[in-house]
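All remarks here apply to the structure that follows.
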Amino acid sequence: MELWRYTIKLLAAVVVVGILLVSTGTECRAVGKVGAVTTGSVFEYGAVSCRAHSFSVTDFGAVGDGKTLNTRAFQQAVDHLSRYSQQGGALLYVPPGRWLTGTFNLTSHFTLFLHKDAVLLASQDINDWPLAKPLPSYGHGREAPGGRYMSFIFGTNLTDVIITGMNGTIDGQGEIWWTKFHEGKLRYTRPHLIEIMHSNNIQISHLTLLNSPFWTLHPVYSRIEDCFIVSGDDCVAVKSGWDEYGIAYGMPTRHLAIRRLTCISPTSAMIALGSEMSGGIEDVRAEDITAINTESGVRIKTAMGRGAYVRDVYVKGMKMHTMKWAFWMDGNYGSHPDKHYNPNARPMVSGINYRDVVAENVTMAAQFNGIPGDPFTGICISNATIAMSPKSKEAPWTCSHVQGITSGVTPRPCSILPEKTVACQFPTAKLPIDMVKFKKCVYKVRHT
Ligand SMILES: *[C@@H]1O[C@H](CO)[C@@H](O)[C@H](O)[C@H]1NC(C)=O
Ligand SMILES: *[C@@H]1O[C@H](CO)[C@@H](O)[C@H](O)[C@H]1NC(C)=O
Ligand SMILES: *[C@@H]1O[C@H](CO)[C@@H](O)[C@H](O)[C@H]1NC(C)=O
Ligand SMILES: *[C@@H]1O[C@H](CO)[C@@H](O)[C@H](O)[C@H]1NC(C)=O
Numbered sequence: 001m002e003l004w005r006y007t008i009k010l011l012a013a014v015v016v017v018g019i020l021l022v023s024t025g026t027e028c029r030a031v032g033k034v035g036a037v038t039t040g041s042v043f044e045y046g047a048v049s050c051r052a053h054s055f056s057v058t059d060f061g062a063v064g065d066g067k068t069l070n071t072r073a074f075q076q077a078v079d080h081l082s083r084y085s086q087q088g089g090a091l092l093y094v095p096p097g098r099w100l101t102g103t104f105n106l107t108s109h110f111t112l113f114l115h116k117d118a119v120l121l122a123s124q125d126i127n128d129w130p131l132a133k134p135l136p137s138y139g140h141g142r143e144a145p146g147g148r149y150m151s152f153i154f155g156t157n158l159t160d161v162i163i164t165g166m167n168g169t170i171d172g173q174g175e176i177w178w179t180k181f182h183e184g185k186l187r188y189t190r191p192h193l194i195e196i197m198h199s200n201n202i203q204i205s206h207l208t209l210l211n212s213p214f215w216t217l218h219p220v221y222s223r224i225e226d227c228f229i230v231s232g233d234d235c236v237a238v239k240s241g242w243d244e245y246g247i248a249y250g251m252p253t254r255h256l257a258i259r260r261l262t263c264i265s266p267t268s269a270m271i272a273l274g275s276e277m278s279g280g281i282e283d284v285r286a287e288d289i290t291a292i293n294t295e296s297g298v299r300i301k302t303a304m305g306r307g308a309y310v311r312d313v314y315v316k317g318m319k320m321h322t323m324k325w326a327f328w329m330d331g332n333y334g335s336h337p338d339k340h341y342n343p344n345a346r347p348m349v350s351g352i353n354y355r356d357v358v359a360e361n362v363t364m365a366a367q368f369n370g371i372p373g374d375p376f377t378g379i380c381i382s383n384a385t386i387a388m389s390p391k392s393k394e395a396p397w398t399c400s401h402v403q404g405i406t407s408g409v410t411p412r413p414c415s416i417l418p419e420k421t422v423a424c425q426f427p428t429a430k431l432p433i434d435m436v437k438f439k440k441c442v443y444k445v446r447h448t
C-alpha cells in the first residue's frame, strides 16, 4: 500500500508528457495477459482496477448510426457513473457501432470500454468544441495566443481512470481542422484527441487512435509500452513547458519509461525531448525501440530562452532503418511563445546515453550542435553500428559545443567525442511505474 501511494505521488508529478502525433494512426497495444478476450458477450480484460457497476452508452439514449450526435448521452452517462466512484467505480461500455459525439469529460474511478467494432467519431462541427484555458506551463495555445479548443476526450484532477477495449477506435476525423489550420482560418489552437491533466493512476491501452485534429494522446502519466505509431510529426514528444511560462510553472517530466515502440515518421523523430522543456526533463529510459523511414532517432531539441534542463536520458537497444540522422541534438530550435522570454535562460543538456544501436541506410550518422558557451555534456554512445546509405555524400558526423565519449562506434565519431572503453549507463533499478500490476477484470454485456 505504501508503495502504491508512492507510485501515485510520482505519477502526479509528471506533467505534459505529450505523445505528439499528427493526422495518421497510433496503436498502443500490450499483448498477452493484458489483452482482452471475448466469449460470447463476456469480455475479459486487464486493468489496474475492475469496476463494480457497468452501463452501456445505449442506456443513455446513444445511437451508433454514425449520424446521431451523442454528446448529451456521453456526458450524461459520465455524470451518472460518477455517482458510483465511492461504490467500486463504474464502466461505460461502447458497443459495436459508429458513435458520433462532441467533446466529453471523464470522471474518477471510471472505465471507458470500447468493443472492437466500436468507433467513437469526433464531431466535425466546430460549435461542438468549447474553448479551454491554455496549459499553465505554456501560457498560450501552442499555435495561437489565448485559449485552445477542448480535447475530444478530456479529464482533469482525476484519479483511477481507464480507457481501454479490444483495439476499438477513437477517430478524431481531424481533416477539417488540418484544412482550416493550413488555410490560416483558426483563431485558437486545435484540440487534442485525448488529454488527461493533473491526474494519477491512468491507464490508456488497447485502442486504435486515428486522425487527431492535433496532438493525439496528451497524457500525464509515465509509461509508454507496446506502441505502433505512424506519424507526420514526432512519434513520442516529451515536453514540460514553454520558455518563461514553463520556467515559472516549474514542473518537470521525469521517470518516463518507453519500451517496445515502433515508429514511422519520415519528417520527424521517433522520440523527441523538447523543444518545450522549460520545466525540465530527467530520467527518461527508452528500451527496445525501432524506427523505420524516420528522420531521426531519440532527438533533443532546445533553444536559449528555454532554461531548465534535459538530463539523465538512457537509450538501450535502438534499431533504425532508412534514417536521415541516427543521432540529432540541437540547441538552436528557436520557436518562442512571445517576446517576453529571457534570451539568457540557458538550457542545460547533460548525461545523454545511447547503447546497443544498429542502424542501416542512414544519410548522416550524427548532428550534435550544442550552444556556444553552454555545451551539451556527458554524452555517451557505446556499441553502435551505423551503416551509411550508399548514396550518402555528407560527412557522417558533425559536432560542435558538445562533450562526451564513445565506445565501439562506427563510422568513427568526431574527435571531440573520444574513444573510451565503456558501456554507457542504463539504470537497473525499477521505476515505481514498473510495480503497477494489472488485474483480470470481467465485463458481461447485460443486453445487446
Ligand atoms: C487541479 O489540480 C491542479 C494541480 O494540483 C490545481 O492547480 C488546480 O486548481 C486543480 N483544479 C481543479 C478544478 O480542482
Ligand atoms: C489487439 O491487437 C493486438 C496486436 O495486434 C492483438 O494481439 C490482439 O489480439 C488484439 N486484441 C483484440 C481483442 O482484437
Ligand atoms: C535507403 O534510403 C533511401 C533514402 O535515403 C531510400 O530512397 C531507399 O529506398 C533506402 N533503401 C532501402 C534498401 O531501404
Ligand atoms: C551490441 O549491440 C547489439 C545490438 O543491440 C547487441 O546484440 C549486443 O549484445 C551488444 N553487445 C554488447 C557487448 O553489449
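Residue 1 is where the sequence shown starts when you use UniProt numbering, and the numbers rise one by one after that.
Just so you know, even glycine gets a beta-carbon here, dropped at the ideal spot from N, CA and C.
None of these values were measured; they are calculated from a predicted model.
Worksheet entry | Counted within 10 angstroms of its Cβ, other Cβ atoms place Asp434 as buried (16 or more) or exposed | As a working note, residue 434 is residue 434 in the sequence shown. Exposed is the call here.
Fill in: Inter-residue spacing [alpha-carbon to alpha-carbon] between Ile202 and Gly334
Here residue 202 refers to the residue found at position 202 when the sequence shown is read from its first residue. Here residue 334 refers to the residue found at position 334 when the sequence shown is read from its first residue. Cα to Cα, Ile202 sits roughly 33 Å from Gly334.
Worksheet item: Per DSSP, Gln367 is paired with what?
Response: One-based indexing of the sequence shown puts residue 367 at position 367. The partner list for Gln367 (beta bridge, DSSP) reads Trp328, Thr398.
Worksheet item: Heavy atom of ligand 3 less than 7 Å from the Cβ of Ser389, yes or no?
Response: Looking up residue 389 in the sequence shown gives position 389. Yes; taking the cut-off as 7 Å, the Cβ of Ser389 has a heavy atom of ligand 3 nearer than that.
Worksheet item: Quick one: what does DSSP say Val362 is sitting in, helix, strand or coil?
Response: Counted from its first residue, the sequence shown places residue 362 at position 362. In the structure shown, Val362 sits in a strand (DSSP, three-state: E or B).
Item to complete: Evaluate Asn70 with the Cβ neighbour count: other Cβ atoms within 10 Å of its Cβ, from every protein chain shown; 16 or more gives buried, anything less gives exposed.
Response: Taking the sequence shown and counting its residues from 1, one reaches residue 70 at position 70. With 16 or more Cβ atoms within 10 Å of its Cβ, Asn70 is classed as buried.
Discussion item. Checking the sheet assignment: what are the DSSP bridge partners for Trp99?
Written reply: Locating residue 99 in the sequence shown gives position 99, counting from the first residue. Note: Trp99 sits in a beta bridge opposite Leu120.
Fill in: N- and C-terminal bounds of the alpha helix (DSSP H) containing Gln203
One-based indexing of the sequence shown puts residue 203 at position 203. That residue, Gln203, is in no alpha helix (DSSP H); its beta strand (DSSP E) goes 200 to 204.
Worksheet item: What do you reckon, are the CB atoms on Phe426 and Arg355 nearer than 8 Å?
Response: Taking the sequence shown and counting its residues from 1, one reaches residue 426 at position 426. Taking the sequence shown and counting its residues from 1, one reaches residue 355 at position 355. Cβ distance < 8 Å, so Phe426 and Arg355 count as in contact.
Fill in: Contact test: Asp356 Cβ vs ligand 4 heavy atom, cutoff 7 Å
Reading the sequence shown from its first residue, position 356 is the one you call residue 356. Correct: Asp356 has its Cβ closer than 7 Å to ligand 4.
Worksheet item: Taking C-alpha atoms, which residue in Lys444, Met277, Pro95, Thr164 lies nearest to Arg299?
Response: Residue mapping note: residue 299 aligns to position 299 of the sequence shown, counting from 1. Here the closest residue by C-alpha is Met277.
Item to complete: Measure how close the beta-carbons of Cys263 and Ala237 come, nearest whole angstrom, since I'm counting them as under 8 Å.
Response: In the sequence shown, counting from the first residue as 1, residue 263 sits at position 263. In the sequence shown, counting from the first residue as 1, residue 237 sits at position 237. At roughly 11 Å, the Cβ-Cβ gap does not stay under 8 Å, so Cys263 and Ala237 are not in contact.
Practice prompt. Compute the Euclidean distance between the alpha carbons of Leu106 and Gln403, then round it to the nearest angstrom.
Written response: Sequence index remark: in the sequence shown, residue 106 carries index 106 (1-based). Sequence index remark: in the sequence shown, residue 403 carries index 403 (1-based). Between Leu106 and Gln403, the C-alpha separation is close to 46 Å.
Worksheet item: Where does Ile196 sit, in a helix, a strand or coil, going by DSSP?
Response: The residue labelled residue 196 in the question sits at position 196 within the sequence shown. Of the three classes helix, strand and coil, the one that applies to Ile196 here is strand, per DSSP.
Worksheet item: In three-state terms, what does DSSP make of Gly61?
Response: Residue 61 sits at position 61 when you count from the first residue of the sequence shown. Here Gly61 sits in coil by DSSP.
Practice prompt. Can you tell me which of the three DSSP states Asp125 falls into?
Written response: Within the sequence shown, numbered from 1, the residue matching residue 125 stands at position 125. Coil, per DSSP.
Fill in: Met277, DSSP secondary structure in three states
In the sequence shown, the residue the question calls residue 277 occupies position 277. Strand.
Worksheet entry | Contact belief for Thr294 with Ser275 at Cβ below 8 Å, rounded distance in angstroms | Taking the sequence shown and counting its residues from 1, the one referred to as residue 294 is at position 294. Taking the sequence shown and counting its residues from 1, the one referred to as residue 275 is at position 275. About 18 Å; that fails the 8 Å criterion.
Worksheet entry | Closer than 7 Å: Thr156 CB and nearest ligand 1 heavy atom | In the sequence shown, residue 156 corresponds to position 156, counting from 1. Correct: Thr156 has its Cβ closer than 7 Å to ligand 1.
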